[in-house]
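Accompanying notes for the structure given below.
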Amino acid sequence: MPLPDSEILQLLTSISRELVCLHETDGTYIYVSPNSETVIGYQPEELLGKNPYDFFHPDDRRLIFERSHQPLLHGAENINPTFRFLHKNGSYIWLQSDNRLTTHPTTGKQYLHTSSRDISEKIESDANLALSERKFKTLFRDSPIGLVLSSKQGYIDDVNEAFAKFLGYETFELLGKHFSEISSLGELEENLRYRDSVQKGMIDHYSIEKQYFHKAGHLVWAYITVTVLRDEMGQPIYYLAQIIDIDERKKTENLLLENNEHLKATKNSLLIQNKQLQSYNQIISHHLRAPVSNLRSLVDLLKITDAAEEKIELQNHLDEVTEDLETILSELITTLKIQSLEHYHPEWISIKDTFSKVQKLMEGELLGKKVHIDLNVTEKEMVFVSKDYLETVLLQLLSNSLQFADPSRVLRIVIESFAIGTETTISFSDNGSGIDLSRYGDQIFQLKKTFHRHMSGKGLGLFLMKYTMESLGGRIEVKSKPGEGATFLLYFPFGSTNL
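Sequential numbering from 1077 applies to the sequence shown in my numbering.
Next comes the structure, spelled out in structure tokens:
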């Protein structure tokens, strides 16, 4: 007659050298094999209802919780911790356990199953190894460079004083932490990729530059070399990391890079200013020569004529030439202001408020024309620029739209703002007469270029807009088709449209 399952279990566990237990998921004992007295000195009934954490060595409790208990509850398998357990005689013995999570086939409830063996004799027989380890520890702790010993799961088992001091910690504060807790996310992916290659046996060591989080909260740079320590089967058991402080060196390198970028920006700015100076000389040459020459001719004619009607006509011409000269001088003065960078004071300026001011300045011209303006920006949309510069550009754009409006339809102007990367972009569109960019695209912002023969213009407005934008480090683009209007895109650097 076959034995019942319970008797078979009782027989097998009583003669086994391993302590077999079943636990609630919090660790509480619900079954202890009969051989418990042989292994740990306790009768099974002395342990039922109690928690094994009360018997673990205080120094091992956190490690068991983080590396065995919690991973099992999260789906890990075949975890084999080694730990110290309080024997009934008052001494601690070393146990090695095979732990797994099991599920009841009927109820579906989960339990922890452990099978533990006493390995104290093995531990004691490793005295020579322990001596070697102590020597290693001495060298480890006294090393002038940072050293970290971590498990194959990435938890820190030991650190020396040099590494702890590097990060502003006491050594005990780092024990048990996962290396990712103190590593910058910037290099963490690369670090994990190398560790994976080591674990797979593709490489035995690697070196990288990475950043760690200092206890004070800032990042510090280090050069690390990680070596793997393997068991007899070739499996990784520990990682030894050597850490060299390169924080000052990296700061110096970054400062040099920033200075180089600054020098490049300064060089580009000087090139732009030099180009602008050349263009400014052309402005003076082209725009002052003609009206001054006309003034001289008209004055000479006034001196030699006696006819009253002719004098009146010459005086009228003088008024026109003087008015043109005043306009040119005003535009040149604006150019000079733009060129004087010491007067450039950028600040966060409201696009909506600035355009509203420009509308008031143009109120007289707007009243006499049919214009519909859609200002699709909010009070919060801003740009980091000098107030005068922004007013100058928007004033020129509005004047340009009014001057080149299509007389066959109501002029419609749309102003919008949006961010592209680190730039703030203002879009200024109208449905005016437009420009044939296929014909004039390469000349659109050049000096003294006009593209509407039936309309008056000096060809300075678009040049001044480009000149202004480049002076503050920005840029301008135009999209247009004849008869369909134009869209000007103003790109302002270092800004955000929504504070």
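All C-beta atoms in this analysis are idealised placements derived from N, C-alpha and C, irrespective of residue type, glycine included.
Everything numeric in this text was worked out from a predicted model, so none of it was measured.
I need the DSSP call for residue i, collapsed to helix, strand or coil.
i: L1523; result: Bear in mind that the predicted position of L1523 carries a pLDDT of just 49, short of 50, making it unreliable; the figure below should be weighed with that in mind. In the structure shown, L1523 sits in coil (DSSP, three-state: anything other than H, G, I, E or B).
i: H1421; result: coil
i: H1530; result: Reliability fails at H1530, whose pLDDT of 43 lies under 50, so the model's placement of it is uncertain and the value that follows must be treated cautiously. If DSSP states are grouped into helix, strand and coil, H1530 belongs with coil.
i: I1116; result: helix
i: L1548; result: coil
i: R1488; result: strand
i: P1147; result: helix
i: Y1168; result: strand
i: V1453; result: coil
i: H1133; result: coil
i: Y1299; result: strand
i: R1325; result: helix
i: N1335; result: helix
i: R1093; result: coil
i: H1189; result: strand
i: I1511; result: coil
i: G1310; result: coil
i: E1499; result: strand
i: M1541; result: helix
i: T1101; result: coil
i: E1209; result: helix
i: A1384; result: helix
Nearest to residue i by CA position, among the options, is which residue?
i: L1162; options: S1259, L1478, V1115 and E1197; result: V1115
i: Q1019; options: L1148, G1497 and T1214; result: For the chain, the structure presents residues 1077 to 1575; residue 1019 sits outside this window and is missing.
i: D1136; options: A1152, P1181 and G1252; result: G1252
i: K1064; options: Y1231, V1235 and S1196; result: Because residue 1064 is not part of the residues shown, which for the chain are 1077 to 1575, the question remains open.
i: L1171; options: D1376, A1298 and E1197; result: E1197
i: L1576; options: A1298, L1098, M1309 and E1385; result: Past the edges of the chain, shown from 1077 to 1575, lies residue 1576, and the structure says nothing about it.
i: Q1435; options: L1264, R1210, D1482 and L1471; result: L1471
i: K1291; options: N1330, L1250, K1433 and E1499; result: L1250
i: V1490; options: P1483, I1502 and S1484; result: I1502
i: K1428; options: M1438, T1454, G1151 and K1445; result: T1454
i: D1130; options: Y1105, Q1119, G1151 and H1150; result: Y1105
i: Y1231; options: G1559, N1336, R1138 and E1389; result: R1138
i: G1117; options: P1134, L1095 and N1127; result: L1095
i: T1328; options: K1340, I1319 and W1297; result: W1297
i: F1460; options: S1219, H1150, L1566 and D1218; result: L1566
i: E1402; options: L1371, Q1146 and A1495; result: L1371
i: G1277; options: K1446, G1310 and L1123; result: G1310
i: I1511; options: E1492, E1499, T1563 and T1498; result: T1563
i: I1425; options: H1180, S1493 and E1237; result: S1493
i: K1445; options: F1480, M1458, L1394 and P1422; result: F1480
i: E1142; options: D1376, Q1229 and D1202; result: Q1229
i: G1151; options: K1126, T1178, T1182 and K1387; result: T1178
i: I1169; options: R1176, N1175 and R1160; result: R1160
i: E1396; options: E1553, F1431, A1238 and L1374; result: L1374
i: Y1270; options: H1294, S1192, V1304 and G1293; result: V1304
How long is the line joining the alpha carbons of residue i and residue j, rounded to whole angstroms?
i: P1157; j: L1268; result: 24 Å
i: L1466; j: H1338; result: 25 Å
i: E1257; j: T1101; result: 27 Å
i: F1568; j: D1450; result: 21 Å
i: K1557; j: A1383; result: 51 Å
i: S1514; j: K1555; result: 11 Å
i: S1109; j: S1144; result: 21 Å
i: I1140; j: N1154; result: 14 Å
i: Y1543; j: V1469; result: 10 Å
i: L1442; j: V1486; result: 12 Å
i: E1546; j: L1540; result: 10 Å
i: E1334; j: S1260; result: 22 Å
i: K1463; j: R1551; result: 17 Å
i: P1483; j: N1452; result: 25 Å
i: L1437; j: L1347; result: 34 Å
i: E1209; j: D1218; result: 14 Å
i: P1134; j: I1195; result: 19 Å
i: K1263; j: G1184; result: The question names Lys, yet the displayed sequence has Glu at residue 1263. If you take the alpha carbons of E1263 and G1184, they lie about 43 Å apart.
i: K1340; j: L1548; result: 16 Å
i: I1279; j: I1221; result: 23 Å
i: Y1299; j: S1273; result: 19 Å
i: K1126; j: F1132; result: 12 Å
i: N1175; j: N1111; result: 18 Å
i: M1531; j: H1393; result: Unreliable placement is indicated for M1531, whose pLDDT of 42 sits below 50; no coordinate value is reported for it.
i: E1113; j: D1202; result: 26 Å
i: I1322; j: L1295; result: 12 Å
i: L1123; j: E1237; result: 41 Å
Got a sec: does the ligand ZN put a non-hydrogen atom nearer than 7 Å to the Cβ of residue i?
i: E1249; result: The model depicted lacks the ligand ZN and carries no ligand whatsoever.
Quiz prompt | At least 3 beta-carbon pairs within less than 8 Å: the stretch 1311-1328 vs the stretch 1224-1231 | solution = yes
Exercise. Report yes or no: do three or more beta-carbon pairs, one from the stretch 1476-1484 and one from the stretch 1497-1517, lie closer than 8 Å?
Key: yes
Quiz item: Touching or not, the stretch 1238-1248 and the stretch 1277-1287, by the rule of three or more beta carbon pairs under 8 Å?
Solution: no
Exercise. Tell me the start and end of each unbroken alpha helix (DSSP H) in the stretch 1212-1254 that is at least 4 residues and wholly inside, in chain order.
Key: 1237-1243 and 1247-1250
Exercise. Write down every uninterrupted run of the beta strand (DSSP E) in the stretch 1267-1293 whose length is 3 residues or greater and which is fully enclosed by it, in chain order.
Key: 1281-1289
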